[in-house]
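Shown next, in C-alpha cells, is the structure this report addresses.
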Amino acid sequence: MSVEAKEFKNALKLWASGVTVVTTLGRDNQPRGMTATAFSSVSLDPPQILVCLNQATDTGAALLESRRFAVNILNSGQEDVSNQFAGSTTQEQRFASIAWQAGDNGAPILSEALAALECRVVQQVQAGSHWVIIGEVDSVVCREGDPLLYYHSAYRTVAKQD
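618 is the number of the first residue of the sequence shown in the numbering used here; add one for each residue after it.
This is the structure in C-alpha cells:
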C-alpha cells in the first residue's frame, strides 16, 4: 500500500536539493524552460545526468521533441529566476527579463547560472506523472559562486565556514 500524498511530500521536504532551470527550444525555435529540483548525476563514463519533468509541461514536450536541452544550476542570488520559471507565467514572460544565449546545442544557457550542462536525450522513462529524462552531457559552463538550495519548502544558501 502506498503512502498518502501528504506524507510523501512531508518526507521529501527533508531532502535538501539544488535548484535548476531546464531549458530547450520548441518547434517554433522559441525558448522553453521550467524550474526543476529533480536533477542528479547518473554516470561519469559516459557523462550523463537525469532530470524529472511532469508530462503535462510544455517544456517537457518540447524537450522530448528536440532531444536537446540544458540544465542551468542556479546561484544563491537567483531565487527570483527560480520563481519566475516555476510560476504560471508564459514562456515569453519567463525569458523576457533573463539574460541568456543559445548554447552549442541551441538550448538556452542562463547567463548568470552557476553552471550549465548541455545535453542530448539518450533515454526517457515514464514514471507516474513524470518523464525521467537521461541526457548525455556534451558541454559544460562553470562559474564562481554558491548554489541556490531548496529545503523544507524554502530557499536556502550554503553556510560559510570560517
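Backbone N, C-alpha and C fix where the C-beta goes; we use that ideal spot for every residue, glycine too.
Looking only at Met618, Lys630, Phe625, Glu624, the smallest Cα-Cα distance to serine 770 is reached by Lys630. Annotated three-state conformation of glutamine 710 is helix, per DSSP. Assignment of valine 698 by DSSP, reduced to helix, strand and coil, places it in the helix class. When rounded, the separation of the alpha-carbon atoms in alanine 628 and tyrosine 772 is 17 angstroms. Put simply, the stretch 678-685 touches the stretch 632-647. At least three CB pairs are less than 8 angstroms apart. 8 angstroms or more divides the Cβ of leucine 727 from the Cβ of valine 636. Between the stretch 740-751 and the stretch 693-709 there are fewer than three inter-stretch CB-CB distances shorter than 8 angstroms, so the stretches are not counted as touching. With distances taken between CA atoms, aspartate 662 lies nearest to Val754 out of Val758, Val754, Lys777.
Comparing C-alpha distances from aspartate 697 to each of Ala733, Val688, Gln710, Arg685 shows the shortest one belongs to Gln710. Valine 688 and valine 668 do touch by the CB rule: their CB atoms are close to 6 angstroms apart, below 8 angstroms. For serine 619, the three-state secondary structure derived from DSSP is coil. DSSP places serine 683 in the helix class (H, G or I) of the three-state scheme.
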